[in-house]
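Numbering (my numbering), first residue to last: 38 to 216.
Reviewing the structure listed below.
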Amino acid sequence: NKLMDYMMSGRPIICAIDAGNDLVGEAGWGMTIAPEDPAAPTSITLEQDHYAFELDATPGGGWIEQIRLRGARTEYLHDELVVGEGVTSTFDNEDLEVRAELVHAPIGSFEGVLGTQYQTVRFQAGGEAGELLPPSKRDSFGVYLFETVPLTDRLALDLAGRIERVRIDGSDLTGSDAG
(Lines of atoms letter the chains of each structure in order from A and count residues from 1; the text may use other names and numbers.)
(Lines give C-alpha, C1' and ligand atoms only; values in the text may rest on other atoms or scores of the structure.)
Protein backbone atom coordinates (compact mmCIF):
# COMPACT_ATOMS: atom_id res chain seq x y z
CA ASN A 1 0.00 0.00 0.00
CA LYS A 2 1.62 3.24 -1.16
CA LEU A 3 -0.19 5.31 1.46
CA MET A 4 1.53 3.37 4.25
CA ASP A 5 4.91 3.87 2.50
CA TYR A 6 4.28 7.63 2.35
CA MET A 7 3.22 7.70 6.01
CA MET A 8 6.34 5.80 7.08
CA SER A 9 8.58 8.22 5.12
CA GLY A 10 7.95 10.91 7.73
CA ARG A 11 7.14 13.53 5.12
CA PRO A 12 3.90 15.54 5.15
CA ILE A 13 1.15 14.15 2.91
CA ILE A 14 -1.63 15.92 1.03
CA CYS A 15 -4.09 13.25 0.03
CA ALA A 16 -7.02 13.77 -2.37
CA ILE A 17 -9.21 10.75 -1.85
CA ASP A 18 -12.86 9.91 -1.36
CA ALA A 19 -12.79 7.53 1.61
CA GLY A 20 -14.93 6.79 4.64
CA ASN A 21 -12.15 7.84 7.00
CA ASP A 22 -9.27 10.32 7.17
CA LEU A 23 -6.32 8.09 8.09
CA VAL A 24 -3.71 10.70 7.07
CA GLY A 25 -5.29 13.56 9.03
CA GLU A 26 -6.18 11.47 12.09
CA ALA A 27 -2.61 10.19 12.34
CA GLY A 28 -1.25 13.74 12.08
CA TRP A 29 0.74 12.99 8.93
CA GLY A 30 -0.89 15.59 6.69
CA MET A 31 -4.30 16.46 5.36
CA THR A 32 -7.00 14.90 3.19
CA ILE A 33 -9.07 16.91 0.74
CA ALA A 34 -11.97 15.81 -1.42
CA PRO A 35 -10.86 15.02 -4.98
CA GLU A 36 -11.80 17.64 -7.59
CA ASP A 37 -13.61 19.77 -5.00
CA PRO A 38 -13.76 23.36 -6.33
CA ALA A 39 -14.30 24.61 -2.77
CA ALA A 40 -11.12 22.91 -1.54
CA PRO A 41 -8.72 25.57 -0.28
CA THR A 42 -5.66 24.04 -1.90
CA SER A 43 -4.84 21.97 -4.94
CA ILE A 44 -1.51 20.77 -6.26
CA THR A 45 0.25 20.30 -9.53
CA LEU A 46 2.66 17.41 -9.45
CA GLU A 47 5.55 16.33 -11.63
CA GLN A 48 7.61 13.23 -10.92
CA ASP A 49 10.19 11.43 -13.02
CA HIS A 50 11.60 8.10 -11.89
CA TYR A 51 14.44 6.23 -13.56
CA ALA A 52 15.66 2.82 -12.42
CA PHE A 53 18.10 0.16 -13.55
CA GLU A 54 18.93 -3.39 -12.53
CA LEU A 55 21.80 -5.57 -13.61
CA ASP A 56 22.44 -9.16 -12.54
CA ALA A 57 25.52 -11.04 -13.65
CA THR A 58 26.58 -14.61 -12.98
CA PRO A 59 30.34 -14.76 -13.50
CA GLY A 60 30.58 -18.55 -12.93
CA GLY A 61 33.27 -20.22 -10.90
CA GLY A 62 35.18 -18.73 -8.01
CA TRP A 63 33.66 -17.50 -4.80
CA ILE A 64 31.22 -15.01 -6.40
CA GLU A 65 27.99 -16.66 -7.58
CA GLN A 66 26.17 -13.48 -8.60
CA ILE A 67 26.72 -9.73 -8.87
CA ARG A 68 23.68 -7.46 -8.48
CA LEU A 69 23.59 -3.76 -9.27
CA ARG A 70 20.51 -1.58 -8.64
CA GLY A 71 19.98 2.13 -8.99
CA ALA A 72 17.22 4.67 -9.10
CA ARG A 73 16.79 8.42 -9.46
CA THR A 74 13.60 10.27 -8.62
CA GLU A 75 12.89 13.93 -9.31
CA TYR A 76 9.74 15.19 -7.59
CA LEU A 77 8.25 18.68 -7.74
CA HIS A 78 4.86 19.91 -6.66
CA ASP A 79 3.29 23.34 -6.35
CA GLU A 80 0.45 24.08 -3.97
CA LEU A 81 -2.15 26.42 -5.41
CA VAL A 82 -4.69 28.40 -3.42
CA VAL A 83 -7.86 29.54 -5.17
CA GLY A 84 -7.46 33.21 -6.17
CA GLU A 85 -3.79 33.36 -5.11
CA GLY A 86 -1.95 30.97 -7.41
CA VAL A 87 1.18 29.09 -6.34
CA THR A 88 1.79 29.58 -2.63
CA SER A 89 4.45 26.93 -2.01
CA THR A 90 6.75 24.59 -3.88
CA PHE A 91 8.25 21.29 -2.75
CA ASP A 92 11.30 19.99 -4.61
CA ASN A 93 12.94 16.64 -3.86
CA GLU A 94 15.68 14.76 -5.73
CA ASP A 95 16.77 11.28 -4.71
CA LEU A 96 19.54 9.03 -6.05
CA GLU A 97 20.22 5.53 -4.74
CA VAL A 98 22.76 2.93 -5.91
CA ARG A 99 23.26 -0.55 -4.47
CA ALA A 100 25.80 -3.27 -5.31
CA GLU A 101 25.69 -6.82 -3.94
CA LEU A 102 27.96 -9.84 -4.18
CA VAL A 103 26.30 -13.21 -3.57
CA HIS A 104 29.07 -15.54 -2.44
CA ALA A 105 29.41 -19.27 -2.93
CA PRO A 106 28.71 -21.33 0.19
CA ILE A 107 31.43 -21.08 2.82
CA GLY A 108 30.90 -24.18 4.91
CA SER A 109 27.17 -23.98 5.73
CA PHE A 110 27.01 -20.21 5.27
CA GLU A 111 25.28 -18.65 2.25
CA GLY A 112 24.96 -14.92 1.94
CA VAL A 113 25.39 -11.47 0.46
CA LEU A 114 27.89 -8.67 0.96
CA GLY A 115 26.58 -5.31 -0.20
CA THR A 116 27.06 -1.59 -0.28
CA GLN A 117 24.51 1.18 -0.69
CA TYR A 118 24.76 4.92 -1.41
CA GLN A 119 21.91 7.42 -1.29
CA THR A 120 21.73 11.18 -1.66
CA VAL A 121 18.58 13.23 -1.13
CA ARG A 122 18.18 16.96 -1.77
CA PHE A 123 15.03 18.64 -0.46
CA GLN A 124 13.70 22.18 -0.30
CA ALA A 125 10.32 23.73 0.30
CA GLY A 126 9.59 27.37 -0.40
CA GLY A 127 6.58 29.62 -0.21
CA GLU A 128 5.36 33.16 -0.74
CA ALA A 129 7.09 34.44 2.38
CA GLY A 130 10.35 32.57 1.80
CA GLU A 131 11.45 29.11 2.81
CA LEU A 132 8.93 26.82 4.51
CA LEU A 133 11.69 24.38 5.38
CA PRO A 134 15.40 25.05 5.04
CA PRO A 135 17.13 23.35 2.09
CA SER A 136 18.90 20.16 3.04
CA LYS A 137 21.08 17.49 1.50
CA ARG A 138 21.43 14.04 3.03
CA ASP A 139 24.14 11.57 1.98
CA SER A 140 24.35 8.06 3.34
CA PHE A 141 26.77 5.24 2.67
CA GLY A 142 26.37 1.75 4.09
CA VAL A 143 28.01 -1.65 3.98
CA TYR A 144 26.06 -4.74 4.97
CA LEU A 145 26.39 -8.50 5.28
CA PHE A 146 23.59 -11.06 5.39
CA GLU A 147 24.25 -14.74 6.04
CA THR A 148 22.00 -17.80 6.39
CA VAL A 149 22.93 -21.10 8.01
CA PRO A 150 20.45 -23.99 7.68
CA LEU A 151 20.10 -25.75 11.04
CA THR A 152 17.48 -28.35 10.05
CA ASP A 153 15.16 -28.89 7.07
CA ARG A 154 12.68 -26.40 8.61
CA LEU A 155 14.93 -24.09 10.62
CA ALA A 156 17.66 -21.65 9.60
CA LEU A 157 19.72 -19.07 11.46
CA ASP A 158 19.97 -15.64 9.81
CA LEU A 159 22.80 -13.30 10.74
CA ALA A 160 23.04 -9.72 9.52
CA GLY A 161 24.96 -6.56 10.16
CA ARG A 162 25.13 -3.06 8.71
CA ILE A 163 27.48 -0.13 9.15
CA GLU A 164 26.18 3.20 7.87
CA ARG A 165 27.43 6.77 7.78
CA VAL A 166 24.93 9.60 7.27
CA ARG A 167 25.74 13.26 6.68
CA ILE A 168 23.10 15.96 6.56
CA ASP A 169 23.98 19.44 5.32
CA GLY A 170 21.56 22.30 5.54
CA SER A 171 21.01 25.84 6.56
CA ASP A 172 18.65 27.49 9.00
CA LEU A 173 15.77 29.65 7.76
CA THR A 174 17.99 32.77 7.78
CA GLY A 175 20.32 31.12 5.25
CA SER A 176 23.21 30.57 7.68
CA ASP A 177 25.11 27.33 7.28
CA ALA A 178 23.88 24.85 9.90
CA GLY A 179 26.41 22.14 8.99
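Even glycine gets a Cβ: it sits at the ideal position worked out from N, Cα and C.
- In its chain, beyond the 5 residues on either side, Ile104 have a beta carbon closer than 6 angstroms to the beta carbon of Ala94.
- At least 8 angstroms separates the beta-carbon of Gly179 from that of Ile205.
- Using a Cβ distance threshold of 8 angstroms, Thr69 and Ile54 count as a contacting pair.
- Between Ala197 and Val186, the CB-CB gap reaches or exceeds 8 angstroms.
- Partner residues in the beta bridge of Val124, as assigned by DSSP, are Leu118.
- Bounds of any beta strand (DSSP E) do not take in Gly98, whose DSSP letter is neither H nor E.
- Distance from the Cα of Ile101 is smallest, within the candidate group Thr189, Gly149, Arg175 and Tyr181, for Gly149.
- Cβ-Cβ distances below 6 angstroms link Asp116 to Thr82, Val124 and Thr127 in the same chain, with the five nearest sequence neighbours on each side left out; the list follows chain order.
- Rounded to whole angstroms, the separation of the alpha carbons of Gly121 and Thr111 is 31 angstroms.
- With a cutoff of 8 angstroms on beta-carbon distance, His141 and Ala109 are scored as not near each other.
- In the DSSP annotation of this structure, the continuous segment of the alpha helix (DSSP H) that includes Leu60 starts and ends at Leu60 to Ala64.
- The three-state reading of DSSP puts Asp42 in helix, counting H, G and I together.
- Assignment of Arg204 by DSSP, reduced to helix, strand and coil, places it in the strand class.
- In the DSSP assignment, Pro187 is bridged to Ala193.
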